[in-house]
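Visitor: First, the structure itself, so that you have it in front of you.
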Amino acid sequence: MTKIIAIANQKGGVGKTTTSVNLSTALAACGHKVLLIDFDPQGNASTGLGVDESDREKNSYRLIAGLVDLSDAICHSMVPHLDIVPTTMDLSAAEVELSDLERREHRLKDSINALDGSYDYVLIDCPPSLGLLTVNALCAADCVIVPLQCEFYALEGLSQLVRTINVVKQSFNPGLTLQGIVLTMYDSRNKLSDMVSRDVRDYFGDVVYETVIPRNVRISEAPSFGKPVLMYDIKSTGAQAYAALAAEILNQEKQLASAS
């Protein structure tokens with residue numbers, strides 16, 4: 058059965074796309090068949106997996122506009138077992154164009170339903186907003202993983218996202234859950250990182266993953282080479298952290314399956 062995960066945070070610059078690309082890569086490296094849907098008009102996930110602009114004619118905008126089927130929009134990536142639906146800036150127009158359409162909140166879900174279980178995981182890289190695109194992703198997803206930067210305003214933004222998740226759960230997708238919060242850009246030399254980490258763990262408890270993603274120059278460099286950090290420098294602390302996060306999530310999946 059396909060597990061659909063939305064990677065969401067309405068705040069930009071928190072490591073959302075980096076987490077989407079590298080978590081997808083790590084899950085694929087574990088032998089799982091993974092599809093990453095680039096649902097952020099900036100298209101950074103597409104760039105991070107080396108998808109050239111010329112190969113994005115069939116993209117996530119055309120998908121939810123009903124102009125192409127999901128099977129046609131899928132591209133193979135450089136990572137074995139990892140495919141991607143790329144995007145372009147055209148997606149930024151979708152907020153306006155979808156507003157008058159039927160089932161506007163479910164356009165992405167309806168497209169994903171055509172997959173027929175051909176992937177173990179579908180990850181959706183959401184835009185840094187709480188608009189109609191993010192609502193589409195939340196309506197399509199089984200759960201949400203939230204990358205949270207270790208900075209002063211982190212909890213303030215997170216509370217707004219949790220409210221949106223609850224609204225979508227009540228109105229459109231009763232099975233939606235907040236599966237985990239992953240702390241990103243953690244700097245062990247910085248007291249603020251420790252303080253934010255403690256505050257988030259005190260408030261959300263076990264929902265916060267044990268794995269933290271450090272500030273790491275290799276993570277920052279990798280996208281400019283069109284590669285996930287796990288392919289750019291597998292020995293770096295950033296790559297090892299994402300591998301550990303994937304292992305923790307897979308273990309979490311086993312525990313959830315055994316409890317059900």
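Here our numbering runs 57 ahead of the position in the sequence shown, where the first position is 1. Ideal placement from N, C-alpha and C gives every residue a C-beta, glycine not left out.
1. Less than 8 angstroms separating the beta-carbons of P204 and V78?
2. Can you grab the Cα-Cα spacing for the pair A122 / D177, in whole Å?
3. Could one say the Cβ of G70 lies closer than 8 angstroms to chain D's Cβ atoms, at least one of them?
4. Looking at the secondary structure, which residues open and close the beta strand (DSSP E) in which I270 lies?
5. Along the chain, which unbroken stretches of the alpha helix (DSSP H) at least 4 residues long are found entirely within the stretch 207 to 292?
6. Quick one: measure Cβ to Cβ for T75 and I276, integer angstroms, because I've assumed they're closer than 8 angstroms.
7. Considering only residues of the stretch 98 to 177, which uninterrupted beta strand (DSSP E) runs meet the minimum length of 3 residues and lie entirely inside it, listed in chain order?
8. Just mark A65 as buried or exposed, buried being the case when its beta carbon has 16 or more other beta carbons within 10 Å.
9. Taking DSSP's pairing of strands, which residues face I94 in a bridge?
10. Let me know if A150 comes out buried or exposed under the rule of 16 or more other beta-carbons within 10 Å of its beta-carbon.
11. Looking only at its own chain, which residues have a Cβ that is under 7 angstroms from the Cβ of F282, when we skip the five neighbours before and after it?
12. Let me know if F96 comes out buried or exposed under the rule of 16 or more other beta-carbons within 10 Å of its beta-carbon.
13. Taking just the CA atoms, how far does E213 sit from K226?
Guide: Reading it off the structure:
1. No. Outside cutoff.
2. A122 and D177: Cα-Cα distance of roughly 25 angstroms.
3. No chain D is present in this structure, which holds just one protein chain.
4. For I270, the enclosing beta strand (DSSP E) begins and ends at 265 to 271.
5. Uninterrupted alpha helix (DSSP H) stretches at least 4 residues long and entirely within the stretch 207 to 292 occur at 211 to 228, 248 to 261, 274 to 278, 286 to 289, given in chain order.
6. Sure, about 6 angstroms apart at Cβ, within 8 angstroms.
7. Considered as a whole, the stretch 98 to 177 harbours 139 to 142 as its complete beta strand (DSSP E) runs of no fewer than 3 residues, in chain order.
8. Buried, because 16 or more other Cβ atoms sit within 10 Å of the Cβ of A65.
9. Note: I94 sits in a beta bridge opposite V142, I181.
10. Exposed is the call here.
11. The answer, listed in chain order, is Y289.
12. Under this definition F96 is a buried residue.
13. Cα to Cα, the separation comes out at about 21 angstroms.
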